[in-house]
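Okay, structure first, notes after.
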Amino acid sequence: MARMTERPEITPDIVLRAYSVGLFPMAENETDDRLFWVDPEERGVFPLDGLVVSRSLAKVVRSDRFDISVDRDFPAVIEGCAHSGSERDRTWINARIRSIYGELFSAGFVHTVECRRNGKLVGGLYGVVLGAAFFGESMFHLERDASKVALVHLVARLRAGGFLLLDTQFVTPHLASLGAVAVPRPQYRGMLSRAVVAPANFYAWPRDERVSGAQALALLRSAA
1391 MARMTERPEI TPDIVLRAYS VGLFPMAENE TDDRLFWVDP EERGVFPLDG
1441 LVVSRSLAKV VRSDRFDISV DRDFPAVIEG CAHSGSERDR TWINARIRSI
1491 YGELFSAGFV HTVECRRNGK LVGGLYGVVL GAAFFGESMF HLERDASKVA
1541 LVHLVARLRA GGFLLLDTQF VTPHLASLGA VAVPRPQYRG MLSRAVVAPA
1591 NFYAWPRDER VSGAQALALL RSAA
C-alpha cells in the first residue's frame, strides 16, 4: 500500500481532487492530528449488481425494523463510525477528518445513510460522492444488522441514481461476505476515471421520501 505524508495542508478541495485520482486521507488514530494519503495496490469495490443479501438479511430489510433516512445527521453518523461499534478495530477519524468531511457534507459532497430504531440512531454509514462514484468511508452499528441494512439501502439508492462505482477502500472479511472484491490499482483507476465524469443523482429517491425495505430489495433484484 503506497502511503504519502501530508504535503501541502489538506483542505476539502484537495481531498476531492485526491479522490478523483485514487487517493484518500487517513490518520494513524483519533488522537494524532497528522494526516497521510493512501493509495492501495488493490482497491476494494462493491459491484453494484453484486451485493450479497442473505435470506436472513433480506428478511430484516423487508421487515423495516429500522427507519432509514439520508443526510439527516452527519455529526452523529461520523461519531458513531469513530466510536460506537465501528466495523474496524481502530479508528482513523480524528478531529481534522471530522472537520474536513463536515465541510464536504455542508457542500453536498458527503452523504449519509442512517438507521434509527424508536428514534435512536443505531447504525449507518457515510461517504463521498464525485460524479457517479461513491467512496464509502466508514460504517457502524449499535444493533445487529443495522450497518448491513444501511448498506443495502445505499446500494439500492446508488443503482436508482445511475452510479457506476462504490469504493470501499479495502476488502475486509466482513465486506467480502457481502460481495466486495479487490481490484488492482490500474483497473481501479480505469473504473474511477469513467465514474467521476459520469452523471448520477444521489437523490433519485428524494431526500425526504421514505424508501421501504421491499422497494430497496426489488431494485437490487432487478440487477440480478
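In our numbering, the protein residues as written are 1391 to 1614. Glycine is no exception: its CB is placed at the ideal position from the N, C-alpha and C atoms.
1. For residue 1400, which of helix, strand or coil comes out of DSSP?
2. What residue range does the alpha helix (DSSP H) around residue 1489 cover?
3. Under 9 Å, do residue 1590 and residue 1532 count as touching if we go by C-beta distance?
4. In chain order, what residues of the same chain lie with their CB nearer than 6 Å to the CB of residue 1606, ignoring the 5 residues before and after it?
5. With H, G and I counted as helix, E and B as strand and the rest as coil, what does DSSP make of residue 1528?
6. Please list, in chain order, all residues of the same chain as residue 1475 whose beta carbon is under 7 Å from its beta carbon, the five residues on each side excluded.
7. If I'm right that residue 1496 touches residue 1515 with Cβ under 8 Å, what's the distance once you round it to whole angstroms?
8. So the beta strand (DSSP E) residue 1469 belongs to, where does it begin and stop?
9. Quick one: Cα of residue 1409 to Cα of residue 1585, how far?
10. For residue 1453 and residue 1473, what's the separation of their Cα atoms in angstroms?
11. Go ahead and label residue 1433 buried or exposed: buried means 16 or more other beta carbons lie within 10 angstroms of its beta carbon, across all protein chains shown.
12. Out of 1552, 1498, 1563 and 1611, point me to the one whose CA is closest to residue 1406's CA.
13. If you drop the 5 nearest sequence neighbours on each side, which residues of the same chain put their C-beta closer than 7 Å to that of residue 1448?
14. Check residue 1556 in the structure and name its three-state DSSP category.
15. Taking just the CA atoms, how far does residue 1467 sit from residue 1478?
16. Would you say residue 1575 and residue 1429 are within 9 Å of each other, going by their C-beta atoms?
17. According to DSSP, simplified to helix, strand and coil, what is residue 1582?
Reading from the atomic positions:
1. Looking at residue 1400 - three-state DSSP - the assignment turns out to be coil, as it is neither helix nor strand.
2. Judged by DSSP secondary structure, residue 1489 falls within the alpha helix (DSSP H) whose first and last residues are 1485-1496.
3. Taking 9 Å as the Cβ cut-off, residue 1590 and residue 1532 do not qualify as a contacting pair.
4. Taken in chain order, the residues that qualify are 1542, 1543 and 1546.
5. The answer is strand: DSSP assigns residue 1528 an E or B state.
6. Confidence at residue 1475 is low in this model, with a pLDDT of 47, below 50, so the placement of that residue should be treated as unreliable; the coordinate-derived value is given next. So the qualifying residues of the chain are 1530, 1531 and 1532.
7. Your pair residue 1496 and residue 1515 does not check out as a contact, with CB atoms roughly 18 Å apart and the cut at 8 Å.
8. Here residue 1469 belongs to no beta strand (DSSP E); instead the alpha helix (DSSP H) covers 1464-1473.
9. If you take the alpha carbons of residue 1409 and residue 1585, they lie about 11 Å apart.
10. Straight-line Cα distance between these residues: approximately 28 Å.
11. Looking at its Cβ environment, which holds 16 or more other Cβ atoms inside 10 Å, residue 1433 is buried.
12. The option with the nearest alpha carbon to residue 1406 is 1498.
13. Residues 1607 of the same chain have their beta carbon placed closer than 7 Å to that of residue 1448, with the five preceding and five following residues left out of the count.
14. DSSP places residue 1556 in strand when its eight states are reduced to three.
15. Since pLDDT at residue 1478 reaches only 48, below the 50 mark, its modelled position is unreliable, and the value read off the structure follows with that caveat. So the two alpha carbons sit approximately 15 Å from each other.
16. The answer is yes: Cβ separation under 9 Å.
17. DSSP places residue 1582 in the helix class (H, G or I) of the three-state scheme.
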